[in-house]
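Those letters in the sequence shown? Residues 95 to 278, by the working numbering.
Beta carbons: idealized from backbone N, C-alpha and C, even for Gly.
These numbers were taken from a predicted model, which means no experiment stands behind them.
Right, one structure below, let's go through it.
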Amino acid sequence: MIIASICIHKDEEPPISGPDGICNIFFGGCNLHCIYCQNHEISRPEHGHRFRDISIKETIDQIEYTLSTGIKAVGFVSPSHVVPQVKAIIRGLNGRGLKPITVYNTNSYDKQEVIDSLEGLINVYLPDSLFLEAVLVLLSLLLLLAFELTLVADCLDVVLAVSALLTGSDLDTVAGDLRAVAIL
Ligand code: SF4
Numbered sequence: 095m096i097i098a099s100i101c102i103h104k105d106e107e108p109p110i111s112g113p114d115g116i117c118n119i120f121f122g123g124c125n126l127h128c129i130y131c132q133n134h135e136i137s138r139p140e141h142g143h144r145f146r147d148i149s150i151k152e153t154i155d156q157i158e159y160t161l162s163t164g165i166k167a168v169g170f171v172s173p174s175h176v177v178p179q180v181k182a183i184i185r186g187l188n189g190r191g192l193k194p195i196t197v198y199n200t201n202s203y204d205k206q207e208v209i210d211s212l213e214g215l216i217n218v219y220l221p222d223s224l225f226l227e228a229v230l231v232l233l234s235l236l237l238l239l240a241f242e243l244t245l246v247a248d249c250l251d252v253v254l255a256v257s258a259l260l261t262g263s264d265l266d267t268v269a270g271d272l273r274a275v276a277i278l
């Protein structure tokens, strides 16, 4: 199994990681290859990060050691392409009597049946979709560009107010013929 890192991760999602941090397993590779990936050294093996190819047992050993220091949660980061391994790790931990809070930290490009199959194994789902964020940023930029092109600062306020007025339910309706031409 290709692992980039097993480490204590602090300060991210504090309600989950708490003051002591979370034991995160950063898997090598990713089921998406976004060109803007901020973790490209990890998500793309060809970018040269030194991965470790370690067994499930070794992984469980390292997690067990980390949990023995007082850490309460285990996070699986970019796990979508290694779900069978994630399940084996959790079952292995449970078999040793360890029941940490388990976190599935995903880009959300998962099949419904895969998520369903994690029932009872994962406690917290952490959808973290940079793809969705990129789309929203792009839409925001387009909106800003549209307003810039109008050169009218209060365009949005006026348009929204007039739209609300024009679609108000207290206005009289106008009948139309079959060609949607108004009949006065
Ligand atoms: S989904 Fe996230 S981790 Fe995977 S390539 Fe895209 S940005 Fe990188």
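What distance in whole Å lies between the Cβ atoms of residue j and residue i, which are believed to be in contact at a cut-off of 8 angstroms?
i	j	result
Cys117	Ile100	7 angstroms
Ile97	Thr153	7 angstroms
Val197	Val168	7 angstroms
Ser172	Ser149	19 angstroms between Cβ atoms; not a contact.
Lys166	Ile195	6 angstroms
Lys181	Leu235	About 40 angstroms separates the two Cβ atoms, so there is no contact after all.
Tyr130	Ala228	6 angstroms
Leu192	Glu107	That pair is no contact at about 21 angstroms.
Gly115	His103	6 angstroms
Leu126	Asn199	Wrong, their Cβ atoms sit about 14 angstroms apart, outside the cutoff.
If you follow the alpha helix (DSSP H) that residue i is part of, which residue opens it and which one closes it?
i	result
Leu161	150-161
Ile209	206-211
Asn199	Asn199 -> not in any alpha helix (DSSP H); beta strand (DSSP E) instead, spanning 195-200.
Arg190	Run containing Arg190: none; DSSP gives neither H nor E here.
Glu135	134-137
Pro109	108-111
Note the first and the last residue of the continuous beta strand (DSSP E) segment covering residue i.
i	result
Leu220	218-221
Can you name the residues that DSSP bridges to residue i?
i	result
Cys117	Ile102, Val168
Asp147	Ile96
Below 6 angstroms CB to CB, which residues in the same chain sit around residue i once its five sequence neighbours on both sides are set aside?
i	result
Arg146	Ile97
Can you give me the Cβ contacts of residue i inside the same chain, cut-off strictly under 8 angstroms, excluding the 5 residues immediately before and after it?
i	result
Pro139	Ile96, Gly122, Gly123, Phe145
Asp222	Asn199, Thr200, Asn201, Ser202
Leaving aside the five residues before and after residue i along the sequence, list all residues of the same chain whose C-beta is less than 7 angstroms from its C-beta, in chain order.
i	result
Asp204	Ser174
Leu161	Cys117, Leu192, Pro194
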